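Quick note on the numbering used here: the sequence shown kicks off at 866 and runs consecutively. Glycine is no exception: its CB is placed at the ideal position from the N, C-alpha and C atoms. All values reported here derive from a predicted model rather than from experimental measurement.
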Amino acid sequence: MLPTSPARGLAAAVAAGTLALTGCSQAAVSAADLYTIGCPALDAVAASGSVAGKVALTGLEKLRDSGQVTGESRQFLDLAITYLKDPAKVPAESKKQIKAACKANGQELKNF
């Protein structure tokens, strides 16, 4: 069944992201997985600033600390973590980079 309201859609995205983040610490993660997880989490936080941001932050920090993500994906990961900690600390140019990286990986942000 599809969500019938934006709030339900957001809740569904947050729930899916939370489940995905939980699995990241136990399985190999590719760059595509990073964007599949990180982009919806960033979009959800941009829309609501909810507790989901703290959950996503914890999962992304674990992913960063695992050493499984390198290169451009690591840069995206670091920007995402900074945004989730304090969106005001991320300059406009970095936000454009986040948005472009998500779009390039099939994850268009709607609320960011």
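For residue i, which of helix, strand or coil comes out of DSSP?
i: proline 956; result: coil
i: phenylalanine 977; result: coil
i: threonine 935; result: coil
What residue does the alpha helix (DSSP H) around residue i start on, and which one ends it?
i: valine 920; result: 917-931
Considering only the beta carbon of each residue, do residue i and residue j sit closer than 7 Å?
i: alanine 917; j: asparagine 976; result: no
i: alanine 945; j: leucine 974; result: no
i: valine 934; j: threonine 947; result: no
i: leucine 949; j: alanine 966; result: no
On the criterion of 16 or more Cβ atoms from any shown chain inside 10 Å, does residue i qualify as buried, or is it exposed?
i: cysteine 889; result: Bear in mind that the predicted position of cysteine 889 carries a pLDDT of just 48, short of 50, making it unreliable; the figure below should be weighed with that in mind. By the 10 Å Cβ count, cysteine 889 comes out buried.
i: serine 938; result: buried
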